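Numbering (my numbering), first residue to last: 55 to 435.
We put the beta carbon where it would ideally sit given N, CA and C, even for glycine.
Note that the coordinates shown come from a computational prediction; the quantities given were computed from them, not determined experimentally.
Read the structure below first, then the notes.
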Ligand SMILES: [Zn+2]
């Protein structure tokens, strides 16, 4: 009997083939940095399982022309949703991961899993009836605005999700839909969506989701870096200097969240009696060049840069990508970039890309599609 293949190697192989970063055994050997015999046995196993196909002949780089490997196209749909405090972004993906329908619906996350998942399920059903009637549901992916433990998918003390602590969201969804399920933290899902959208250019990337709160994720070698319990990336409670020592939802003081998040900006503006208090208002005020708002947003971006500078010096990533609602504010991204240039070693910033997300507001949905396709064993019946 053939020895079993490590789950990580299997996931990495599927991820490389899915994103198009690898299309042959030679590409896989180079990308995975493993022995040719290892790649041969992983590929053989995936071919036997019918997960991938081998076809045609690729471009030669000198030797024998390589056979092209790709994921098998399947019929059916993947249903994906990113939940926030007040809204959910819901979508359907083709089995290949391309997003083909999205809708925003109002939810109240504090109403708890049963009620929130009722709304999400009804939206899935409505989208499917409108755009993919009769197609089989192959998998469900949900991104949540709180820390999701790995691998069991339970919520761990989510500050922005009252009533959800300890909830087994993955088990709940698997029981409801009876298909493979992926549950992921929203910043991690968005980071992998950004990675899948960018291709191989940013193998080691810090992705920051700057919205009402601030989440982050390190993508390393094209994989989410999860840490021991899956709780990595919690940059929001990094203490920053010049933060005014304000109380934070975590019980500490002076956290990044209290000065650089959308919620912090809204609070500061409300304290000054400004009518601009939602992120949408803030974006509008910045495009009108309201000097008070622009100054506040610039300072928030600089403090994000302070918090990220230690991470950049420590990790030497290829890219720092800012996503989330605040990433549409050029002044925020530019201030973060400026502070990173000021605080990081020149050797680190020389080849460092610092920019707004290219995947945009659908990053998490694209990421969930990618995770379902590559890790949840989604296959047509
Ligand atoms: Zn905190």
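Distance cut-off 8 Å: residue i Cβ against heavy atoms of ligand 1
{"i": "residue 305", "result": "yes"}
{"i": "residue 299", "result": "no"}
{"i": "residue 266", "result": "no"}
{"i": "residue 398", "result": "no"}
{"i": "residue 169", "result": "no"}
{"i": "residue 154", "result": "no"}
{"i": "residue 291", "result": "yes"}
{"i": "residue 147", "result": "no"}
{"i": "residue 271", "result": "no"}
{"i": "residue 311", "result": "yes"}
Terminal residues of the beta strand (DSSP E) in which residue i lies
{"i": "residue 241", "result": "Premise fails: residue 241 lies in the alpha helix (DSSP H), 240-252, not in any beta strand (DSSP E)."}
{"i": "residue 269", "result": "268-274"}
{"i": "residue 154", "result": "153-160"}
{"i": "residue 143", "result": "141-147"}
{"i": "residue 100", "result": "Here residue 100 belongs to no beta strand (DSSP E); instead the alpha helix (DSSP H) covers 90-103."}
{"i": "residue 260", "result": "259-264"}
{"i": "residue 409", "result": "407-410"}
Rounded C-alpha distance that separates residue i from residue j
{"i": "residue 312", "j": "residue 278", "result": "26 Å"}
{"i": "residue 235", "j": "residue 190", "result": "15 Å"}
{"i": "residue 55", "j": "residue 80", "result": "With a pLDDT of only 37 at residue 55, under 50, the local geometry of the prediction cannot be trusted, and no value is derived from it."}
{"i": "residue 147", "j": "residue 224", "result": "19 Å"}
{"i": "residue 436", "j": "residue 110", "result": "Outside the shown range of the chain (55 to 435) lies residue 436, about which nothing can therefore be said."}
{"i": "residue 65", "j": "residue 252", "result": "18 Å"}
{"i": "residue 218", "j": "residue 298", "result": "30 Å"}
{"i": "residue 343", "j": "residue 355", "result": "16 Å"}
{"i": "residue 67", "j": "residue 134", "result": "23 Å"}
{"i": "residue 200", "j": "residue 213", "result": "7 Å"}
{"i": "residue 369", "j": "residue 375", "result": "14 Å"}
{"i": "residue 169", "j": "residue 391", "result": "41 Å"}
{"i": "residue 401", "j": "residue 281", "result": "27 Å"}
{"i": "residue 196", "j": "residue 414", "result": "18 Å"}
{"i": "residue 229", "j": "residue 420", "result": "23 Å"}
{"i": "residue 407", "j": "residue 303", "result": "32 Å"}
{"i": "residue 333", "j": "residue 63", "result": "41 Å"}
{"i": "residue 187", "j": "residue 237", "result": "25 Å"}
{"i": "residue 75", "j": "residue 123", "result": "11 Å"}
{"i": "residue 156", "j": "residue 372", "result": "31 Å"}
{"i": "residue 119", "j": "residue 226", "result": "48 Å"}
{"i": "residue 174", "j": "residue 142", "result": "8 Å"}
{"i": "residue 347", "j": "residue 294", "result": "21 Å"}
{"i": "residue 207", "j": "residue 345", "result": "44 Å"}
{"i": "residue 322", "j": "residue 357", "result": "15 Å"}
Proximal residues to residue i (C-beta, below 6 Å), its chain only, five neighbours per side dropped
{"i": "residue 245", "result": "261, 271, 273"}
{"i": "residue 221", "result": "167, 209"}
{"i": "residue 284", "result": "203, 204"}
{"i": "residue 432", "result": "192, 193, 234, 426"}
Sequence-distant residues of the same chain with beta carbon closer than 8 Å to residue i, five excluded per side
{"i": "residue 337", "result": "379, 382, 383"}
{"i": "residue 317", "result": "266, 267, 311"}
{"i": "residue 399", "result": "367"}
Host alpha helix (DSSP H) of residue i (start-end)
{"i": "residue 224", "result": "223-231"}
{"i": "residue 347", "result": "345-369"}
{"i": "residue 385", "result": "384-397"}
{"i": "residue 323", "result": "316-325"}
{"i": "residue 336", "result": "333-341"}
{"i": "residue 255", "result": "First-last for residue 255: undefined, no H or E at that position."}
7 Å Cβ shell around residue i - same chain, five flanking residues per side excluded
{"i": "residue 101", "result": "108"}
{"i": "residue 93", "result": "79, 82, 83, 86"}
{"i": "residue 307", "result": "299, 300, 301"}
{"i": "residue 418", "result": "136, 197, 240, 243, 244, 247"}
{"i": "residue 72", "result": "125, 151, 424, 427, 428"}
Contact test: residue i Cβ vs ligand 3 heavy atom, cutoff 8 Å
{"i": "residue 389", "result": "Because ligand 3 does not appear in the structure shown, any question about it cannot be addressed here, the ligands present being ligand 1."}
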